[in-house]
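Everything on this sheet refers to the single structure shown next.
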Amino acid sequence: MVRALEWIDATGTLQLIDQTRLPDRELYLAVRSVDDLVTAITSLAVRGAPALGAVGALGVALAIAQGEAEAWSPERLAAEVDRIRQARPTAVNLAWGVNQTWPLAGQGVPAVLARAKQIVAEDEAANRALSRLGADWILRQTGRERVRVITHCNTGALATTAWGTAYGIIHELHDRGALELVYADETRPLLQGARLTSWELVRDGIPHVVQVDGASASTLLRGKADVAIIGADRIAANGDTANKVGSLALALACQRAGVPFVVAAPSTTIDLLTASGDGIEIEERDGGEVLSFGGVRTTPEEAQGYNPAFDVTPCDLISAIVTEYGVVEPQTTPDPGLLARIAG
Ligand code: MRU
């Protein structure tokens, strides 16, 4: 299994697979400084909510080591850690990861690293547990022996510390012989589905087709898919879920088609401090990402881009939220306290 991130003890560096170069090149970055890490996060060399949580936690160790080498003041160190925390606003895991290790800064790099490595291990365990629960729920709910799945963006090993969330469920279904086909949305404008999910599906030998994002509504309404499974960047206390832009359109189409819409995420993606989706900050990226394809401009010079990277799916469009602790069904059993009990 590919590892999106790995702490290299011998060199004190964070190794990241450069996801901006996939699928053509499998290149690894050796991140040694806060500047390098913030650039890797904002350029999406490392991305996906759980992976961001892990690099946030490990990034504190990098910052402390750099601060020691360059004799930073305590204020400078705090400001640099804050740059990591705020590098991307929507995935709650990034700030969560930083906040897990920053309080240990006074105990030095070894204590910070120990907690960060624990976070990495816990994420993989959560992904594997939620994948089993999600596969059970989907097979029970659809009543099918083999399912056809739509997914959006990339939620595999690349987006996590290992195995994946929505992708983990797909992998689990495949391992059980219960998967017929995956429709992977290409995920405009940065093509996480076409470049990354397809790359992982090929490596794992999982049958799939890549479709343009605009095809998924028709795929659903023509009865070609049995379930949609997505990941999450932030799940508010009421179950409203932020994920890659296009997720909301998929949920609306699922509602019309009568197909279950499943959100899969570790409990670390639940943000109890945000009451509902209205409180979730949506990252707006450079409009230029929308105005070109493969580095070639596709619009008139005068065109402006609008580039929200995420959208929020209201909880009443979500059939199931699958975490490592269990499955919540916001449509049938809306229980405001349930997510709190899971996250707690
Ligand atoms: O902008 P990205 O590529 O970081 O967006 C990622 C997603 O939207 C994923 O679906 C989400 O982070 C869950 S990853 C398990």
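When you read off a place in the sequence shown, starting at 1, and then add 9, the result is the number in this note's numbering.
Ideal Cβ positions, reconstructed from N, Cα and C, are used throughout, including at glycine.
query: Range covered by the alpha helix (DSSP H) that runs through D91; result: P83 to R94
query: Check: K233 C-beta below 7 angstroms from any heavy atom of ligand 1; result: no
query: Whole-angstrom C-beta distance between V121 and A70, which should lie under 8 angstroms; result: 5 angstroms
query: Boundaries of the beta strand (DSSP E) in which W16 is found, first to last residue; result: L14 to I17
query: Near ligand 1: R56 beta-carbon under 7 angstroms from a heavy atom; result: yes
query: Heavy atom of ligand 1 within 7 angstroms of K253 beta-carbon; result: yes
query: Where F302 falls, given that 16 or more other Cβ within 10 Å makes a residue buried; result: exposed
query: Rounded Cβ spacing between D249 and T332 (contact assumed at less than 8 angstroms); result: Between T332 and D249 the Cβ distance is about 15 angstroms, and since that is not below 8 angstroms, they are no contact.
query: N108 to E311 span [Cα, whole Å]; result: 43 angstroms
query: Near ligand 1: A266 beta-carbon under 7 angstroms from a heavy atom; result: no
query: Proximity of L31 and R204 at Cβ, strictly below 8 angstroms; result: yes
query: Which residues DSSP lists as bridging A226, in chain order; result: None; A226 has no bridge partner.
query: A168 Cβ short of 7 angstroms to ligand 1 heavy atom set; result: yes
query: Integer-rounded CB distance, given that G165 should sit under 8 angstroms from E131; result: In fact, because the Cβ distance is near 18 angstroms, the residues do not count as touching under 8 angstroms.
query: Close beta carbons around E154, own chain, < 7 angstroms, minus the five adjacent residues each side; result: A187
query: N-terminal and C-terminal residue of the alpha helix (DSSP H) that R137 is part of; result: V118 to T151
query: Buried/exposed call for P201, threshold 16 Cβ in 10 Å; result: Checking the displayed sequence, the identity of residue 201 turns out to be Gln instead of Pro. Buried: at least 16 other Cβ atoms inside 10 Å.
query: Closer than 7 angstroms: G240 CB and nearest ligand 1 heavy atom; result: yes
query: D280 (DSSP reduced to helix, strand or coil); result: strand
query: Helix, strand or coil at A246 [DSSP, three-state]; result: coil
query: D235 (DSSP reduced to helix, strand or coil); result: coil
query: Y176, enclosing alpha helix (DSSP H) - first and last residue; result: A175 to D184
query: CA nearest to the CA of A135, picked from T342, C162, Y334 and T341; result: Y334
query: beta-carbon L53 near ligand 1 non-hydrogen atom, thresh 7 angstroms; result: yes
query: DSSP three-state assignment for P59, whether helix, strand or coil; result: helix
query: Rounded separation between I128 and G286 - CA only; result: 26 angstroms
query: Q340: CB within 7 angstroms of a non-hydrogen atom of ligand 1; result: no
query: Close beta carbons around P98, own chain, < 6 angstroms, minus the five adjacent residues each side; result: E290 and E292
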